[in-house]
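Position 171 of the sequence shown, counting from 1, maps to 226 under the working numbering, and the rest follow consecutively. Cβ atoms here follow ideal geometry from the backbone N, Cα and C, with glycine treated the same way. Fair warning: this is a prediction, and the values are worked out from it, not measured in the lab. Step one of this worksheet: look at the structure below.
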Amino acid sequence: MSDTESYVYRYSWDKEDLLSYKFKEHYVKQPEVLAYLEHVVKRHDLRKHMRFNTEMRSANWTEEDQQWHVTTSGDNTITAKYLITGLGLLSAKNLPDIPGIDVFKGDLHHTAAWPKDFSVKGKRVGVIGCGSTGVQVITEIGRHVQTLTCFQRHPQYSVPSGDQKITAEYRAWIDEHWDEIFHRVRHSITAFGFKESETSFHDATPEEREAVFEENWNLGNGFRFMFGTYNDIATDPEANEAACEFIRRKIDRIVKDPEKARKLKPHDVYARRPLCDGNASNGEKYFEQFNRPNVDIVDLKETPIERLEAGGLRTSDGALHELDVLIFATGFDAVEGNYTRLLIHGRDGVSLKDAWDESGPTSYLGVSMPGFPNLFMLNAPKGAFTNQPPAIEVQVEFVAGIIAKAEKVGGASPVVEPTYEAEKEYSALCEELAKDSLFWKAQDNWIFGANIIGKKRTLRFFFGGMQAYREKLDECAANGYAGFKPLSKA
Ligand code: NA7
């Protein structure tokens with residue numbers, strides 16, 4: 056389930072389609088996302104441009120012809136003037152290397168590669184991880200399984216999702232306000248569509264704060280809880296702690312077993328990717344699952360995983376948690392993970408992996424890299440930390456604009472490449488913006504690359520919000536694509 060409102064988890068540029076395409080609930084689920092994309096492809100006759108079952112293995116820039124030479128599975132080669140990648144921020148699976156992984160006799164599945172007809176019904180199930188995905192899985196399966204053991208490394212501040220069926224009145228309101236909705240998205244921080252708060256926590260009385268937290272808890276959505284309550288939850292330690300305290304009190308009230316509640320309550324700063332519960336088809340929420348006698352929580356900080364054995368998972372206290380199924384909700388080699396697995400060589404044969412080994416994953420404006428001419432990466436490192444479809448649209452508009460300009464003024468073999476200085480300056484801006492945010496203080500997660508051993512721990516996003524990101528790209532374009540080497544032939 057995407058936790059973005061359905062009406063902003065889609066393309067904004069086809070008004071007729073926005074008005075006629077139906078969606079059932081506030082949040083889109085995976086089959087609906089796929090159906091929507093297939094619909095767009097059909098509607099705009101895009102299938103003829105697509106080649107499936109074709110994996111890009113390598114891409115090499117050659118100076119002689121100033122082209123990219125791309126090798127695909129089946130040893131086919133494609134030559135391209137421009138190479139645009141859309142490899143995804145969160146799709147290279149992270150499967151932790153737990154000792155005994157080959158010995159385990161049960162079924163083992165990562166959430167990002169879920170087998171089509173696999174059922175957990177009546178089974179003894181373990182879930183490792185309680186990020187966005189783990190929370191959704193746990194919320195959904197608790198009532199179907201014999202036992203559910205949740206192996207948790209970091210407890211999370213999760214709020215209800217607020218998902219529900221879309222009423223005819225609500226849909227009519229959306230249809231009347233599409234222009235306003237996308238205007239708000241493009242001028243917001245999160246691009247989530249809801250009204251972001253302009254009020255400081257410090258300007259409210261204790262009673263008002265409680266009422267605002269309660270209202271947003273009931274409306275649901277983690278991003279709304281963080282950015283719709285007060286404008287300084289993500290930046291001011293006192294405001295942040297008040298939000299944490301509110302959620303902790305909720306956990307205490309919901310979870311009846313005090314020992315389970317203790318393990319589930321986070322105490323660190325609320326500055327990871329804000330979560331919301333899954334949407335169990337019976338309306339149950341995440342923390343409620345732990346009132347089921349068959350659902351338990353194991354705190355991996357207290358009792359780390361020792362190994363997998365044939366019959367289950369052994370923790371450091373000697374306990375064997377017997378399992379038929381182990382679900383890895385352990386997330387992704389995020390952001391650059393899909394790039395560093397491929398051989399992408401720019402100027403002088405330098406690979407993107409080597410370039411980023413040195414500097415950390417970076418880019419100019421979240422789309423391009425010095426030394427990699429005519430390569431445009433949608434969702435490159437240091438793109439906007441927002442709802443993604445609108446951010447991708449902004450990037451696509453920018454890339455289309457710069458290619459159009461290069462085609463016009465760049466001669467037969469135009470070369471579009473940012474300067475090293477521009478990338479450095481942009482990276483420094485990203486750091487400066489992130490340092491104002493409490494996210495800078497909570498770096499032990501995928502946003503900073505800390506979820507995978509060996510990854511460089513460094514900032515991977517532009518934290519200035521959608522409006523500032525869009526303005527940055529617009530400003531670059533308005534100044535003749537400042538930061539790129541001159542586009543016209545000398
Ligand atoms: P996340 O948010 O990266 O969550 C992964 C979870 O798995 C998280 O709770 C991790 O604990 C846990 N994890 C990862 N490796 C281990 C090991 N080795 N042992 C125990 N626990 C582990 O991935 P999601 O799929 O939930 O969501 C990713 C994004 O997709 C999400 O933010 C949305 O933007 C969409 P940790 O918290 O790191 O201690």
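query                                                                                                                                : result
Report the three-state DSSP secondary structure of H164 (helix, strand or coil).                                                     : strand
On the DSSP bridge assignment, give the partners of T474 in chain order.                                                             : T474 is not bridged to any residue.
Tell me the residue span of the alpha helix (DSSP H) that contains W451.                                                             : A small correction: the amino acid at residue 451 is Val; Trp does not occupy that position in the sequence shown. Per DSSP, V451 belongs to the alpha helix (DSSP H) from Q443 to V464.
If we ignore side chains and look at the alpha-carbon of each, how far apart do E119 and R402 end up?                                : 11 Å
K437 by DSSP, collapsed to three states: which one?                                                                                  : coil
H376 lies in the beta strand (DSSP E); which residues open and close that run?                                                       : L375 to E377
What are the boundary residues of the beta strand (DSSP E) that includes A114?                                                       : M111 to T117
For the 8 Å Cβ check, are there 3 or more pairs between the segment 416–423 and the segment 209–221?                                 : no
Relative to the alpha-carbon of Q121, which residue among K136, D287, T109 and I399 has its alpha-carbon at the smallest distance?   : K136
What do you reckon, is the C-beta of I37 under 8 Å from a heavy atom of the ligand NA7?                                              : The structure shown has nothing for residue 37, since the chain only spans 56 to 545.
At a cut-off of 8 Å, is G401 close to the ligand NA7 when judged by its beta-carbon and the heavy atoms of the ligand?               : no
Terminal residues of the continuous beta strand (DSSP E) containing R183?                                                            : It is worth fixing the name first, because residue 183 is Ile in this sequence and not Arg. Note, I183: beta strand (DSSP E), R179 to I183.
Could you say which of L430, V380, R241 and G277 lies nearest to W68 if we only look at CA atoms?                                    : R241
Three-state secondary structure (DSSP) at S467?                                                                                      : With the sequence shown as reference, residue 467 is identified as Ala, and Ser is not the correct amino acid for it. Here A467 sits in coil by DSSP.
Could you work out which residue in K408, G520, S414 and H104 is closest to P549 when comparing CA atoms only?                       : Residue 549 cannot be examined here, being either before or after the span of the chain that is shown, 56 to 545.
Taking its Cβ as the centre, do 16 or more other Cβ atoms sit within 10 Å of F107, making it buried, or is it exposed?               : exposed
From T194 to R65, what distance separates their C-alpha atoms?                                                                       : 26 Å
Identify which residue in N442, M424 and P348 has its Cα closest to the Cα of F237.                                                  : N442
Could you check whether the Cβ of H164 sits closer than 8 Å to any heavy atom belonging to the ligand NA7?                           : no
If N29 sits next to R279, beta carbons under 8 Å apart, how far is it from one beta carbon to the other, in whole angstroms?         : There is no way to answer for residue 29, as the model of the chain reaches only from 56 to 545.
Measuring CA to CA, which of E486, D409 and G465 is closest to A439?                                                                 : E486
Does the structure place the segment 340–353 close enough to the segment 144–160 that three or more beta carbon pairs sit under 8 Å? : no
Considering only heavy atoms of the ligand NA7, does any lie closer than 8 Å to the CB of R328?                                      : yes
If we ignore side chains and look at the alpha-carbon of each, how far apart do V182 and R317 end up?                                : 19 Å
V200: buried (16+ other C-beta within 10 angstroms of its C-beta) or exposed?                                                        : buried
At what residues does the beta strand (DSSP E) containing R369 begin and finish?                                                     : G367 to T370
Between the alpha carbons of S255 and E80, how many angstroms are there, rounded?                                                    : 32 Å
Along the chain, where does the alpha helix (DSSP H) containing Q522 start, and where does it finish?                                : M521 to A533
Return yes when at least one heavy atom of the ligand NA7 lies under 8 Å from the C-beta of L368, else no.                           : no
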